[in-house]
Amino acid sequence: MKIVSILLAAGQGTRMRSDLPKVLHPLLGRPLIHYSLEAAEKASNEKPVVVIGHHADEIRAALGDRARYVLQEEQLGTAHAVRQAEGLLRGSCDLVIVTYADMPLLRAETLQSLVQAHLAHNGPVTSTTVVQNDPRGFGRVVRGEDGRVLAVVEEAQATPEQLQIRELNVGAYCFDADWLWDALPKVPLSPKGEYYLTDLVAVAVAEGVSVQACEIEDINETIGINNRVHLAEAEAELRRRINRHWMLEGVTLIDPSATYIEPGVTIGQDTVIYPNTYLQGESEIGDHCTIGPNTIIRDTRVGSRCRVLASVLEGALLEDEVEIGPFGHLRKGAHLARGVHMGNFGEVKNSYLGPGTKMGHFSYVGDATIGPDVNIGAGTITCNFDGKKKNRTEIGEGAFIGSDTMLVAPVKIGAGARTGAGSVVTRDVEPDTLAVGVPARKIRRLEKGD
Ligand code: UD1
Ligand code: CA
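Counting the sequence shown from 1 gives a position; this note's numbering is that position plus 12.
Set out below in structure tokens:
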């Protein structure tokens, strides 16, 4: 059986009051349409179709070939939007799921049970409803005395009596495809000058075929985003879902309401996350780590048994047992091997720090390769930029870089060498040699125990 999903995303999203199209507003780091598209992908077995109109190019660019696209040139309503897909889909599928791209919390499992309910019933239309006190501008589900669904009435057209109805139209439907394409032209023009998809219910009832409505129990799934208040509500709910998942997987969140974990992140067991921590992008955190408080980790792999305190890590790699912070900053290409200790006010970019290397206090290391067990004194700087290009610094195993050393790259410090406090190193220092001064000059060869 071929099942296709249609996502409606052609509207302007006026109520967002934004230059950015509504469905591209970020929700936990991803454009909010990403979530409804993902649910649609899981619930169907054909590539989803997205109906676009306003900001069509931007939406197409954001989703790429995850979807097929049809253009709704004029936004004449949700039924009109679905009709735009007829040319592409008629004759090629059995069931059509329709959802709105502004409902990111609707789960794939809910759409799957919508399809199951549809198949278990012999009507051509199955819709979803929710019973809730705050109607949020949703369409009202009108039932007859026998409980059968008769119509969905939009808020603007509802009578005062209908406005009291607390069974609301969620906006996820499953249709027999052939019936859908035949019924859409029968949808009347609403007093507001739009063709409402919700009027298909009345069309079906008038034809004498039955309409089924499945109730969604979790009202949070039905948070639709029309304005930025809804956006914040959806973000909070999505965060709760993700945080709950990780707590059940064995991660301690000291304060889940102040922990911000994006959907692409993974976290190992027995890791403890302190408040005001943001785990973003495609980050991976190992087990038995302590992260935060006040930490941002983006697109970074953190090994096991690491400690990261009040620091910002972006595009970095930490092996096991690394300690950072407070106030460390790792930038793209920072690779800290096992057991590296990086204390306060350090910055590392595009550099490798070998196992056991220590960099205790306010230093900048950029474009460097540093061996194991190196001691980088306070205030050390790799002067990697000569105004035109970036140059590399190499430091060999066990070297000792004195406090406030300027390493003017390109430059190499040999294994076991030392630089004196405040030296400005402009030339390579051989292994086991002490260099001091401005610019640094060699003083003597180092003896064992020196
Ligand atoms: C819609 C439903 C309402 C339901 C609510 C749930 C209709 C008529 N009403 O109202 O019953 O309770 O969702 O969230 O369907 N769109 C197009 N082309 C158009 C118009 C809209 O693609 O011509 C898209 C929008 O981009 C949006 C979606 O359809 O993603 C829903 O439109 P919106 O204006 O948000 O409808 P609601 O007023 O929320
Ligand atoms: Ca909406």
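Each residue gets a CB set at the ideal place from its N, CA and C atoms; glycine is no exception.
Values in this document were obtained by computation on a predicted structure and should not be read as measured data.
Item to complete: Spell out the partners DSSP gives Y112 in its beta bridges.
Response: DSSP lists L20 as partners of Y112.
Worksheet item: Under the three-state reduction of DSSP, which class applies to N232: helix, strand or coil?
Response: In the three-state reduction of the DSSP assignment, N232 falls in the helix class, which pools H, G and I.
Item to complete: List the residues that DSSP assigns as beta-bridge partners of R430.
Response: According to DSSP, which records beta bridges pairwise, R430 is partnered with F412 and L446.
Worksheet item: For L136, does the count of other Cβ atoms within 10 angstroms reach 16, so buried, or fall short, so exposed?
Response: The question names Leu, but residue 136 is Pro in the sequence shown. It counts as buried.
Item to complete: Give me the Cα-Cα distance between P60 and A184, rounded to the nearest whole angstrom.
Response: Those two C-alpha atoms are separated by around 14 angstroms.
Fill in: Whole-Å CB distance - G389 paired with S415, under 8 angstroms assumed
Right, the Cβ-Cβ distance comes to about 4 angstroms (below 8 angstroms), so this counts as a contact.
Discussion item. Quick check on DSSP: helix, strand or coil for N306?
Written reply: The answer is coil: DSSP assigns N306 none of H, G, I, E or B.
Fill in: Three-state class that DSSP yields for T90 in the structure shown
Residue state, collapsed to three classes: helix.
Item to complete: Please specify which runs of the beta strand (DSSP E), each continuous and at least 3 residues long, are wholly inside the segment 151-236, giving them in chain order.
Response: Fully enclosed beta strand (DSSP E) runs of 3 or longer: 152-155, 161-165, 179-188 and 223-227.
Worksheet item: Buried or exposed: G76, going by 16 or more other Cβ atoms within 10 Å of its Cβ?
Response: Under the 10 Å beta carbon count, G76 is surrounded by fewer than 16 other beta carbons and is classified as exposed.
Worksheet item: Exposed or buried, what is K34 when buried is set at 16 or more other beta-carbons lying within 10 Å of its beta-carbon?
Response: By the 10 Å Cβ count, K34 comes out buried.
Fill in: Through-space distance from G410 to K460, alpha-carbon basis
Each residue's Cα considered, the two are about 13 angstroms apart.
Item to complete: State whether the segment 172-184 contacts the segment 130-147, with contact taken as three or more CB pairs (one from each stretch) at a distance under 8 angstroms.
Response: When Cβ pairs closer than 8 angstroms are counted between the two stretches, the segment 172-184 is seen to touch the segment 130-147, the count reaching three or more.
Fill in: Selection from S30, S56, E50 and L39 that minimises the alpha carbon distance to S17
That would be S56, whose Cα lies nearest to the Cα of S17.
Item to complete: Report whether the distance from the Cβ of D158 to the nearest heavy atom of ligand 2 is below 7 angstroms.
Response: With a threshold of 7 angstroms, the Cβ atom of D158 does not count as near ligand 2, since no heavy atom of the ligand is closer than that.
Fill in: Inter-residue spacing [alpha-carbon to alpha-carbon] between K370 and T283
Rounded to the nearest angstrom, the two C-alpha atoms are 24 angstroms apart.
Discussion item. Is any non-hydrogen atom of ligand 2 found closer than 7 angstroms to the C-beta of G236, if you look at the structure I gave you?
Written reply: Yes; taking the cut-off as 7 angstroms, the Cβ of G236 has a heavy atom of ligand 2 nearer than that.
Discussion item. I need the DSSP call for E331, collapsed to helix, strand or coil.
Written reply: E331 falls in the coil class under three-state DSSP.
Practice prompt. Could you check how far apart the C-beta atoms of A68 and S139 are, in whole angstroms? I think they sit under 8 angstroms.
Written response: That belief does not hold up - the Cβ atoms of A68 and S139 are roughly 27 angstroms apart, past 8 angstroms.
Discussion item. Any heavy atom of ligand 1 inside 7 angstroms of the beta-carbon of M115?
Written reply: It does: the Cβ of M115 is within 7 angstroms (strictly closer) of some heavy atom of ligand 1.
Worksheet item: Who does L126 pair with in a DSSP beta bridge?
Response: None, per the DSSP bridge assignment.
Worksheet item: From G383 to T431, what does the alpha carbon distance come to, in whole angstroms?
Response: If you draw a straight line from the Cα of G383 to the Cα of T431, it is about 16 angstroms long.
Worksheet item: What's the C-alpha gap between V448 and T392?
Response: One Cα belongs to V448, the other to T392, and the distance between them is close to 14 angstroms.
Item to complete: Could you tell me which of D188, L20, L342 and V436 sits nearest to M418, measuring between CA atoms?
Response: Measuring from the Cα of M418, the nearest candidate turns out to be V436.
Discussion item. Quick check: is any heavy atom of ligand 1 less than 7 angstroms from the C-beta of Q87?
Written reply: Taking non-hydrogen atoms of ligand 1 into account, the C-beta of Q87 is found less than 7 angstroms away from one of them.
Item to complete: Kindly examine ligand 2 and report whether one of its heavy atoms sits closer than 7 angstroms to the Cβ of Y112.
Response: If you check the C-beta of Y112 against ligand 2, you find a heavy atom less than 7 angstroms away.
Discussion item. Quick check on K344: buried or exposed, where buried means 16 or more other Cβ atoms within 10 Å of its Cβ?
Written reply: Exposed is the call here.
Worksheet item: From what residue to what residue does the alpha helix (DSSP H) around K54 run?
Response: For K54, the enclosing alpha helix (DSSP H) covers residues I45 to A55.
Practice prompt. Report yes if the CB atom of A427 is closer than 8 angstroms to the CB atom of R404, and no otherwise.
Written response: 8 angstroms or more divides the Cβ of A427 from the Cβ of R404.
Discussion item. Distance check for D440 and V423, CA to CA, integer angstroms please.
Written reply: Between V423 and D440, the alpha-carbon positions lie close to 5 angstroms from each other.
Discussion item. Closer than 8 angstroms is the cut-off here; do at least three beta carbon pairs connect the segment 146-165 with the segment 210-219?
Written reply: Contact between the segment 146-165 and the segment 210-219 is present: three or more C-beta pairs spanning the two stretches fall below 8 angstroms.
Discussion item. So, at 6 angstroms on beta carbons, what are the nonlocal neighbours of V334 in its own chain, with the 5 sequence-adjacent residues on each side left out?
Written reply: Only C318, L348 and V352 meet the Cβ criterion.
Fill in: Neighbour-count burial assignment, M13, 16 or more Cβ in a 10 Å radius
With fewer than 16 other Cβ atoms within 10 Å, it is exposed.
Worksheet item: When every heavy atom of ligand 1 is checked, does at least one fall within less than 7 angstroms of the C-beta of Y81?
Response: No, since every heavy atom of ligand 1 falls outside the 7 angstroms radius drawn around the Cβ of Y81.
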